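Visitor: Below you'll find the structure I mean.
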């Protein structure tokens, strides 16, 4: 999942510019929005990607 990788690499840095945080802040919201869809396959996909890229 490209979005999770971008979000993780940008937020793991110690000194992240405010402009960068503003540009990627929507990624977290988009991932959680997809997680709370009615379709169980969407939830499984987001859980799988979260475990692979963010944890």
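Residue numbers (the UniProt record's numbering): 1 to 55. All C-beta atoms in this analysis are idealised placements derived from N, C-alpha and C, irrespective of residue type, glycine included. Bear in mind that the values here come from a model prediction, so they are computed numbers and not experimental data.
(1) Under 8 Å Cβ to Cβ from residue 27, same chain only, skipping five residues before and after it: list those, please.
(2) May I have the straight-line CA-CA distance separating residue 21 from residue 49, to the nearest angstrom?
(3) Where does residue 6 sit, in a helix, a strand or coil, going by DSSP?
(4) For residue 14, which of helix, strand or coil comes out of DSSP?
Guide: In brief:
(1) Reading the chain shown from its first residue, position 27 is the one you call residue 27. Hits under 8 Å: 3, 4, 6 and 7.
(2) By 1-based counting over the chain shown, the position of residue 21 is 21. By 1-based counting over the chain shown, the position of residue 49 is 49. Using only the alpha carbons, I get a separation of about 21 Å.
(3) Here residue 6 refers to the residue found at position 6 of the chain shown. Helix at residue 6.
(4) Locating residue 14 in the chain shown gives position 14, counting from the first residue. Correct three-state label for residue 14: coil.
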